[in-house]
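Student: If you scroll down you'll find the structure; I have some questions about it.
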Amino acid sequence: MAFTTMVGARIRRREDPRLITGRATYVDDVRQVNTCYAAFVRSPHGHAKITSIDVAAAKADPHVAGVWTGDDIHHAHNLKSSLPVAHKMGALGLKTPPHYILALDEVRFVGEAVAVVIADSPYTARDAAEKIVVEYEQLGVVVDPLKAEAGPPFVHEELGTNVAFSMPFKAGDPDAAFAAADVTIKQRIVNQRVAPVPIEPRSMVANWDTGGQQLTIYSATQIPHLLRTQLAVVLQLPENKIRVIAPEVGGGFGAKLNVYAEEALISWVAMQLGRPVKYIETRSECFQAMIHGRDQIDDIEVAATKDGTITALRLKITANLGAYHQLLTPVIPTLTLLMAHGCYRFENIEAEVVGVFTNTMSTDAYRGAGRPEATFFIERAIDMVALKLGLDPVAVRRKNFIANASFPHTTATGLTYDSGDYETTMDKALKAVDYDGLRKQQADLRKQGRFLGIGVSTYVEVCGMGPSAAMPAAGWDSATIRVEPTGSITVLTGVSPHGQGEETTFAQIVADELGVPIDNVTVVHGDTDRVQYGVGTFGSRGTAVGGSALKLAIETIQAKAVKIAAHQWEANPDDVEYKDGKIGVKGDPSKSMTTPEAGFLAFMGDNLPPGLEPGLDATRRFEPPNFVFPFGTHVCVVEVDAQTGEIKIVKYLAVDDCGRLLNPMIVEGQVHGGIAQGLSQALFEEVIYDDNGQLLTGTLMDYAIPHAEQVPHYELDHTVTGTTVNPLGIKGIGEAGTIGSTPAVANAVIDALAPFGVVHIDMPLRPEKLWLAMQPKNGSTK
Amino acid sequence: MQIDLTVNGKRTSLDVEPRLLLAHALRDSLNLTGTHIGCDTSSCGACTVLLDGVSVKSCTVFAVQASGHEVTTIEGIGTADSLHPMQEAFWTAHGLQCGYCTTGMIVSAVDLLQRNADPSDDEIRAGLEGNLCRCTGYENIVKAVRAAGKAMRDHTERHSVNDLMPMHPPAEEPPPSGEGIIPPFLQEAHT
Amino acid sequence: MIPATFDYVRATSVDDAIRLLGEHGDDAKLLAGGHSLIPMMKLRLAAPAVLIDIGGIPQLDAIDASGGRITIGALAKHAALAASDALKKSAPALWDAANDLGDPQVRNRGTIGGASAHGDPSADYPAVLQALDATFTLTGKNGTRDLKASDFFQGMFETALGAKEVLTKIAFDAAPKSAYVKFHHPASHYAVVGVAAVLTMSGGTIESARIAVTGIGDSAFRASGVESALKGVKPGDADALKAACAGVARSVTARADTFASAAYRTAMADVFAARAVAKAASR
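Each protein sequence line maps, in turn, to chains P, C and H.
Using this note's numbering, read the first sequence as starting at 2 and increasing by one per residue.
Using this note's numbering, read the second sequence as starting at 63 and increasing by one per residue.
Using this note's numbering, read the third sequence as starting at 2 and increasing by one per residue.
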């Protein structure tokens, strides 16, 4: 065990001084001489044929450097590559219609890019874009995934269907379990479409070095290397001639885990013009053309015995994919199926996952990405079973938990949960909120006509993505450590943090293990010309996978430093070891060497053991042998105003278990933000298209993300259950809050309305829906 | 047209189009890129600056309207070497993650304490309703503003906020090492 | 995000503004705080050829809330109204609205005149100023004219302000027993429903009431039926209060959006009317 002072401490973040003083460099802050600016013309229609585009007036504008349409790019320049979709679903016959970087002949969702204008300022670019006249012939629109599944109109006429894939699944004997059940419940649960809304919208600036024939693109991305690889394919460029830089990135939440048409197009345009080209989307464009999240209809049936034991689940997941696949679009709903068990041990499942195209923006990974949907329906199902049987929902959870003794536990859907202790975590939460006291208070208040609701959610999620064999693309990640000649230590990480704080946590690990002051450690990320290939930051993998690669690199450095020290001391290398961050000889306290000293000897190169290469650096990659499965219990207490249906959150408490905590302050921050996002899905957020495919929630005046007054104070606690999946013993925490909170809030609100006979209400839980449910005539379930 | 404004205490003249938004003037004409833009409906508050000492959304002010007036941006609030107590408090309380909303949030929080030196948590939340953050869930932002308020009330000098933040006793952070960038053994080797 | 081009001129006085309006014709718009107009220009929903900036006209932001008749200059900022202790005592309904409107940055910049002249059907002031029975002073090249608030607000984004006129002043009698309550839209902070109540009381009983509602229809409106029904009601009697406020928005065709249906808006108007009356009575 390493000597520890920094790991586990609440170290203030090393990224922060530049961020709090306004001296950080986001993409829009990148200044390059001779930059020109892009503005887009986007489709105002959900589905239409482009009959003509008149760009003459825009081209004649003296401020304009160029105008391009889909026709220009794909026909005149013959760039026909489709945008990438990463999947291993070929055996399912996944349909992958072409997705060009500018619409070609037809538009399939409101906001699809039709033409791009490049001008000498963002202002003149917008002016010129307004001069472009596009004529359309409207085609049939479908936005409802169930209608789309049933038949025409087709989003892609040539497919003759809107169904992109259908995946059946069966485990155990669900029919027998249903036949033997004491009770069953059946419910359609809509997991509504939401918008990620990072406060920094999509941003990019590309430049083509005509001398060096190299493309450099700064992009607000979570995956600089994967973006580089995909740009090489789409633009037909050698990958070693592309440099992707993710400078400061203003939030991602999965939405920047993608390869966008605009990224490819702006790169291509920069190559045509030989000038830097910048594109910063507006928030309105972001609502239209950044991926959306969720949007599943989950039809569930649950079988249970009268003691509350769940025996089987039937499930149909209808996933609204949008008009095209983005990078991971079809994969997301398959993750929902994988996690359909939650933390419960039933083994009989029959399921079908159907992905359908509609005339909407693509859905893709949004914080949780497929797992929140599973947690939501299973946690709602537990409450519905409890309601039906007159049992306490906590008792039903306890009855069905996977027992501690059965870890590692292989589920019917084929995952192996590494470790868990669900009951301890739940008990800690229940004690902290005084669950029994809350139930008494609820009963008392009901007598006064006040409606308190208590919601519990016990989640488990799959993250630390992941074993390469189970990922759509590579699942490993990388780290390089360089001990520089003058003793400072450079870490190059393949992950690409954008708020998660790994510049700090990784430096904490290095400081402890290599015995150097944290200020002498610099963590570099997000530049494909500086950092070895890495997969990126998503799926709560940054520290679990990237941090593990770092740990391996530390071990390699230590092993070499030990050899160097042993040679100096003419000691047997087997007797030399790292202790408390320093190199020493076992049993001989007089001998001590620091890592920088060993590094300096390695640099000088004149006194090294025979055969040992000079230099003290190492690059290692970590291939996760499994996912990790953090878990926890969230409890939400609400009061619903009977007159208006407005919700007040009275209490929110979360007890999470993400294994070892490297920096508790950062872990708590991730949980806070996750809770807010999940809570916000439960209460406020919904992307709404009308039947014509018009986006009705296209600005922050219509689409609510919460401000400080709309969220409560969160109380946090944790338990620590180790894992052997990675050498750090950690599980990811980036998405857990989002996954745990949505059902806790919904269960609380629906519990509050139990006296009105309410069994389920779909999100978002707008006051009007609750008010309606509380009206005498509408008191039954929906 | 010609405009004259005082930005972070410095008088400056610019030749601008009337339609140029103050946010763009600050960012693009004056290279003060700490003022961020996060929306197009005056909703998010990332672009918040002080105009004649009070918080405004610089995306909803034309630069020409600011002519003859004083603007303070995040760059004028404090620097890494001389942090404003509010900046120090955001750092210590982990009141930020991606940092994009942070600069506007800090400027708004500074304005909030001008109006109310000792706000309750509810007043802090209400006072920040013009600023959206998607990362933090606001919990640590509220903590930061509370701590900064206490620091500013109790102490006139800066750099005192760390002593006052109950959620982050300084003892938990290991003291900075006395070592410089170049380790002593190397300095010796060179002398 | 980027407005269309326009010419910009600063008016130094009301007369100067009127002269400039005459000079530039119908393509000109007045710019005060800009917090109604600039957002529309950024989305290119408005593209005036000329902006006449009246924001710097001296003395037009004066607030006199000390006597029985309260006068407020059109350029008074929301934040100034929200910070006025005199207004809090003399016309708390307006103080409520000024405190609850937009957010701090918007309040620091937006003006009562600009917000009123915009005529937004979900804005707060149109209800408050109708309940206060305020008088709007409009100045044009032929002098000034006074209009009652109920005549000033004419429809969705429509007011009686002429294209060549400047709204200079809003005045009303002190109304210490008044309140404004609002159901916030979670995204825009505008009123899904907002109700202003101005009462005169005798002992614990309502002598007279003026009730105005915003957020429901095309424009804020006075609810005369409820005003009559409230006479003689003791606001402490919740059932009587509820009965008197029932159907406060019955006469209006309610709007619907993605947050609230027409029926819900109409029902919430009853709830918020009762809350506004109770709050006003408690002052």
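Here a beta-carbon is modelled for each residue, glycine too, at the ideal position from N, C-alpha and C.
The structure presented is a predicted model; accordingly, all values stated were derived computationally and were not measured.
#1: Can you check whether the CB of Arg622 (chain P) is closer than 7 Å to the CB of Ile731 (chain P)?
#2: In chain P, which residues lie with their C-beta within 7 Å of the C-beta of Thr259 (chain H)?
#3: Identify which residue in P:Val496, P:His635 and P:Ala572 has its Cα closest to the Cα of Ala475 (chain P).
#4: Is DSSP giving Gln776 (chain P) helix, strand or coil here?
#5: Name, please, each residue of chain P whose Cβ falls closer than 7 Å to the Cβ of Pro187 (chain H).
#6: Determine whether the Cβ of Ala430 (chain P) lies closer than 7 Å to any Cβ atom of chain C.
#7: Work out the CA separation of Lys96 (chain P) and Pro153 (chain P) for me, nearest whole Å.
#8: Specify the secondary structure class of Tyr265 (chain H) as computed by DSSP and reduced to three states.
#9: Is the CB of His64 (chain P) under 7 Å away from at least one CB in chain C?
#10: Buried or exposed: which applies to Asp180 (chain C), given that a residue is buried once 16 or more other Cβ atoms fall within 10 Å of its Cβ?
#11: Identify, in the order they occur along the chain, each residue of the same chain with its Cβ nearer than 7 Å to the Cβ of Ala366 (chain P), setting aside the five sequence neighbours on each side.
#12: Could you name the residues of the same chain whose beta carbon sits closer than 6 Å to that of Glu113 (chain P), not counting the 5 residues immediately before and after it, in chain order?
#13: Compile a chain-ordered list of the residues in the segment 242-271 of chain H whose CB is closer than 7 Å to at least one CB of chain P.
#14: Is it true that the CB of Gly679 (chain P) sits closer than 7 Å to the CB of Thr720 (chain P)?
#15: Counting C-beta neighbours from all protein chains within 10 Å, is the total for Asp55 (chain P) 16 or more, i.e. buried, or is it exposed?
#16: What's the call for Thr201 (chain H), buried or exposed, on a 16-neighbour Cβ count within 10 Å?
#17: Name the residue from H:Ala92, H:Ala164 and H:Gly74 whose alpha carbon lies nearest to the alpha carbon of Gly23 (chain H).
#18: Between Arg24 (chain P) and Gly166 (chain C), which are expected to be in contact by the criterion C-beta below 8 Å, what is the C-beta distance as a whole number of angstroms?
#19: Measure the C-alpha to C-alpha separation of Thr557 (chain P) and Thr523 (chain P) and round it to an integer number of angstroms.
#20: Please report how far the alpha carbon of Thr6 (chain H) lies from the alpha carbon of Ala48 (chain H), in whole angstroms.
#21: When DSSP labels each residue in this structure, what does Ala251 (chain C) get in the three-state scheme?
#22: Helix, strand or coil for Pro169 (chain P), going by three-state DSSP, please let me know.
#23: Can you say whether Thr459 (chain P) is buried or exposed, counting buried as having 16 or more other CB atoms within 10 angstroms of its CB?
#24: Count the other CB atoms, across all protein chains shown, that sit within 10 Å of the CB of Glu159 (chain P); report buried if there are 16 or more and exposed otherwise.
#25: With DSSP as the reference, label Cys37 (chain P) as helix, strand or coil.
#26: On the DSSP letters alone, give me the boundaries of the alpha helix (DSSP H) that Pro744 (chain P) sits inside.
#27: Apply the 10 Å Cβ neighbour rule to Leu316 (chain P) and answer buried if 16 or more other Cβ atoms are within range, or exposed otherwise.
#28: Hey, could you find the ends of the alpha helix (DSSP H) Gln155 (chain H) is sitting in?
#29: Here's a check: name, in chain order, each residue in its chain whose Cβ is nearer than 6 Å to the Cβ of Lys171 (chain P), leaving out the five neighbours to either side.
#30: Could you tell me if Asn241 (chain P) is buried or exposed, where buried requires 16 or more neighbouring beta carbons within 10 angstroms of its beta carbon?
#31: Provide the residue(s) that pair with His719 (chain P) in DSSP beta bridges, ordered along the chain.
#32: Check whether chain H comes within 7 Å of Gln289 (chain P), counting only Cβ atoms and requiring the distance to be less than that.
#33: Keeping to the same chain, check which residues put their C-beta closer than 6 Å to that of His79 (chain H); ignore five residues upstream and five downstream.
#34: For the alpha helix (DSSP H) containing His226 (chain P), name the first residue and the last one.
#35: Can you have a look at Leu130 (chain H) and say buried or exposed, based on whether 16 or more other CB atoms are within 10 angstroms of its CB?
#36: Taking the C-alpha atoms as reference points, what is the distance between Phe377 (chain P) and Thr141 (chain C)?
Tutor: In short:
#1: Position 730 of the first sequence, counted from the start, is the residue given in the question as residue 731 (chain P). Position 621 of the first sequence, counted from the start, is the residue given in the question as residue 622 (chain P). No Cβ-Cβ contact shorter than 7 Å links Ile731 (chain P) with Arg622 (chain P).
#2: Against the third sequence, residue 259 (chain H) aligns to sequence position 258. Result: Ile689, Leu697, Thr698 and Asp703.
#3: Translated into the one-based positions of the first sequence, residue 475 (chain P) becomes position 474. For the options P:Val496, P:His635 and P:Ala572, the alpha carbon positioned closest to that of Ala475 (chain P) is the one of P:Val496.
#4: As a first step, residue 776 (chain P) must be located in the first sequence, where it is residue number 775. Note: Gln776 (chain P) maps to coil in three-state DSSP.
#5: The sequence position of residue 187 (chain H) within the third sequence is 186, counting from 1. For Pro187 (chain H), the neighbours in chain P by C-beta distance under 7 Å run, in chain order, Phe685, Ala705 and Gln711.
#6: Counting from one through the first sequence, the residue named residue 430 (chain P) turns up at place 429. No - not a single Cβ of chain C is within 7 Å of the one on Ala430 (chain P).
#7: Taking the first sequence and counting its residues from 1, the one referred to as residue 153 (chain P) is at position 152. Taking the first sequence and counting its residues from 1, the one referred to as residue 96 (chain P) is at position 95. The alpha-carbon atoms of Pro153 (chain P) and Lys96 (chain P) are separated by roughly 16 Å.
#8: Reading the third sequence from its first residue, position 264 is the one you call residue 265 (chain H). In the three-state scheme derived from DSSP, where H, G and I count as helix and E and B as strand, Tyr265 (chain H) is classed as helix.
#9: For the purposes of this step, residue 64 (chain P) is taken as residue 63 along the first sequence, with counting starting at 1. Not an interface residue.
#10: Residue numbering aside, residue 180 (chain C) sits at position 118 when the second sequence is read from its first letter. Within a 10 Å sphere around the beta-carbon of Asp180 (chain C) sit fewer than 16 other beta-carbons, which makes this residue exposed.
#11: If you number the first sequence from 1, residue 366 (chain P) lands on position 365. Once the five neighbours on either side are set aside, the close Cβ partners of Ala366 (chain P) are Gly255, Leu258, Leu329, Ile333 and Phe539.
#12: Sequence index remark: in the first sequence, residue 113 (chain P) carries index 112 (1-based). Take Glu113 (chain P), set aside five residues on each side of it, and the residues of its chain with a beta-carbon closer than 6 Å to its own are Ser44 and Ala104, in chain order.
#13: Contact annotation: in the segment 242-271 of chain H, residues whose CB is within less than 7 Å of a CB in chain P are Thr259, Phe260, Ala261, Ser262, Tyr265 and Met269.
#14: Within the first sequence, the letter at position 719 stands for residue 720 (chain P). Within the first sequence, the letter at position 678 stands for residue 679 (chain P). The Cβ-Cβ distance between Thr720 (chain P) and Gly679 (chain P) does not fall below 7 Å.
#15: Along the first sequence, one-based indexing puts residue 55 (chain P) at 54. By the neighbour-count rule (16 or more Cβ atoms within 10 Å), Asp55 (chain P) is not buried but exposed.
#16: Stepping through the third sequence from its first residue, residue 201 (chain H) is reached at position 200. Exposed.
#17: The count along the third sequence starts at 1 and reaches residue 23 (chain H) at position 22. If we check each option's Cα against that of Gly23 (chain H), H:Ala164 comes out closest.
#18: The residue labelled residue 24 (chain P) in the question sits at position 23 within the first sequence. The residue labelled residue 166 (chain C) in the question sits at position 104 within the second sequence. By a beta-carbon distance limit of 8 Å, Arg24 (chain P) does not contact Gly166 (chain C). Their separation comes to about 15 Å.
#19: The residue labelled residue 557 (chain P) in the question sits at position 556 within the first sequence. The residue labelled residue 523 (chain P) in the question sits at position 522 within the first sequence. Cα-Cα distance, rounded: 19 Å.
#20: Numbered from its first residue, the third sequence carries residue 6 (chain H) at position 5. Numbered from its first residue, the third sequence carries residue 48 (chain H) at position 47. Rounded to the nearest angstrom, the gap between the Cα atoms of Thr6 (chain H) and Ala48 (chain H) is 8 Å.
#21: Translated into the one-based positions of the second sequence, residue 251 (chain C) becomes position 189. The predicted position of Ala251 (chain C) is uncertain, since its pLDDT is 48 and thus under 50; no value can be drawn from it.
#22: In the first sequence, the residue the question calls residue 169 (chain P) occupies position 168. Here Pro169 (chain P) sits in strand by DSSP.
#23: As a first step, residue 459 (chain P) must be located in the first sequence, where it is residue number 458. The residue is buried, with at least 16 neighbouring Cβ atoms inside 10 Å.
#24: To locate residue 159 (chain P), count along the first sequence from 1; it is residue 158. It is exposed - the Cβ of Glu159 (chain P) has fewer than 16 other Cβ atoms within 10 Å.
#25: Residue mapping note: residue 37 (chain P) aligns to position 36 of the first sequence, counting from 1. Cys37 (chain P) falls in the strand class under three-state DSSP.
#26: As a first step, residue 744 (chain P) must be located in the first sequence, where it is residue number 743. Pro744 (chain P) -> alpha helix (DSSP H) spans Ala737 to Ala753.
#27: Within the first sequence, numbered from 1, the residue matching residue 316 (chain P) stands at position 315. Flag for Leu316 (chain P) reads buried.
#28: Looking up residue 155 (chain H) in the third sequence gives position 154. Judged by DSSP secondary structure, Gln155 (chain H) falls outside any alpha helix (DSSP H) and instead within the beta strand (DSSP E) spanning Phe154 to Gly156.
#29: Walking along the first sequence from the start, residue 171 (chain P) turns up at place 170. If the five residues before and after Lys171 (chain P) are omitted, its C-beta is found closer than 6 Å to the C-beta atoms of Glu351, all from its own chain and listed in chain order.
#30: In the first sequence, the residue the question calls residue 241 (chain P) occupies position 240. Counting Cβ neighbours within 10 Å, Asn241 (chain P) comes out exposed, since fewer than 16 surround it.
#31: Counting from 1 along the first sequence, the entry for residue 719 (chain P) is found at position 718. Looking at the DSSP assignment, His719 (chain P) forms a beta bridge with P:Asp657.
#32: Residue mapping note: residue 289 (chain P) aligns to position 288 of the first sequence, counting from 1. No, its Cβ sits nowhere closer than 7 Å to a Cβ of chain H.
#33: Translated into positions along the third sequence, residue 79 (chain H) becomes position 78. The residues are Ala99, Leu102, Arg108 and Gly111.
#34: Here residue 226 (chain P) is taken as the residue at index 225 of the first sequence, counted from 1. For His226 (chain P), the uninterrupted alpha helix (DSSP H) segment begins and ends at Pro225 to Leu236.
#35: Within the third sequence, residue 130 (chain H) is the residue found at index 129, counting from 1. Flag for Leu130 (chain H) reads buried.
#36: Counted from its first residue, the first sequence places residue 377 (chain P) at position 376. Counted from its first residue, the second sequence places residue 141 (chain C) at position 79. Those two C-alpha atoms are separated by around 45 Å.
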